[in-house]
Every structure is written in structure tokens, then in C-alpha cells.
Amino acid sequence: MEIGARNERGWVSGSTDEGYCFNAKVYDLPSVFGIPTERFPEGGNVSKLHISDAGGREVYAYERGLHFAADGAMALAFGIAAELEAIFCKEAV
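full-length UniProt numbering puts the first residue of the sequence shown at 1, with every later residue one more than the last.
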């Protein structure tokens, strides 16, 4: 997986080894508006995530809540969210 740097507005772009592209709004700390993860089941630090397949078709959309998930996209989204969390999340002390 390739993950770019987070810009000044908190957006991160990247791609998976399977050819999916994504854009995510990533914060330092988890929130109830974020995608729930194993580490933060009440909500993680990714509050927005859009994933497109190699043909440019959107397969997943989360904007402080799930809007759309094509078949098989939930596992993909959770994997991306976990990777972003591992890189950018600064757990509350």
C-alpha cells in the first residue's frame, strides 16, 4: 500500500496493491465520527474515506458515517483505515 503525506487540511491520498485509490480525512485523535477500528471500536481517526477501483468507480464512501459500500469493500476500507490509524493516530494520553 502506498500512502502519501497528510496535507495541511488533513487529507491523505493513496493506493492499494490491488489497484484501488483512496482519499481520506485523517485526524490525530479518534472520534465518534471516525470509522470504527479494532483499536477504537467507538470510532477511529479517519472521518472521511472514499475508495475507487482501477476503473475509477467509487466502491466505498464514508463521511462521518457510512454512505455506500459495494460488495467486498468493507474489508478493504477497514484495512485502509487501520493502516492510516497506525501512521497518523496519536492516541490520547
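All residues carry an ideal CB built from backbone N, CA and C; glycine is no exception.
Just so it is clear, the structure is predicted and the values come from calculations on it, not from any experiment.
Start-to-end residues for the alpha helix (DSSP H) that takes in Ala-86
73–88
Closest by C-alpha distance to Val-26, when choosing among Met-1, Tyr-62, Ala-54, Gly-72:
Nearest C-alpha to Val-26 among Met-1, Tyr-62, Ala-54, Gly-72: Tyr-62.
Around the Cβ of Leu-49, are there at least 16 other Cβ atoms within 10 angstroms (buried) or fewer (exposed)?
buried
Beta-carbon separation (whole angstroms), Ile-51 vs Ile-87, contact threshold 8 angstroms:
With a Cβ gap of about 17 angstroms, Ile-51 and Ile-87 do not count as contacting.
Limits of the unbroken beta strand (DSSP E) element including Glu-58
58–63
Met-1 to Ala-70 span [Cα, whole Å]
20 angstroms
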